[in-house]
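Note that numbering that gives the first Met the number 0 numbers the sequence shown so that position 9 is 8, with each residue one more than the last.
Note that the Cβ used here is the ideal one computed from N, Cα and C, for glycine as well.
Owing to the predicted nature of the structure, the values given are computational and were not obtained by experimental measurement.
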Amino acid sequence: MTQDTRDTTVVVTGASGRTGSRVARSARAAGLTVRAASRATGFDWHAPSTWAGVLA
0 MTQDTRDTTV VVTGASGRTG SRVARSARAA GLTVRAASRA TGFDWHAPST
50 WAGVLA
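(1) Indicate the three-state DSSP secondary structure (helix, strand or coil) for A35 in the structure shown.
(2) How many angstroms separate the CA atom of A39 from the CA atom of R24?
(3) Using CA atoms only, rank isn't needed, just tell me which of R17, S48, V9 is closest to G30.
(4) Do you know offhand how far G13's Cα is from R27's?
(5) So which of W44, T32, S37 has the shortest CA-CA distance to T56?
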């Protein structure tokens, strides 16, 4: 069976980690659209717009 994956979107949890990043890379290589989810939150003391994600 062949499946058309051009319009398929997947969520990869842990996408910033070792295994998740490999899964995301492989999914993209297979033609899937990847939405990466991760606990890692960017933070910069000099950019107040980044504060909400880590102080919530």
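According to the data block:
(1) strand
(2) 18 Å
(3) V9
(4) 15 Å
(5) Absent from the model: residue 56. The displayed extent of the chain is 0 to 55, so no value can be given.
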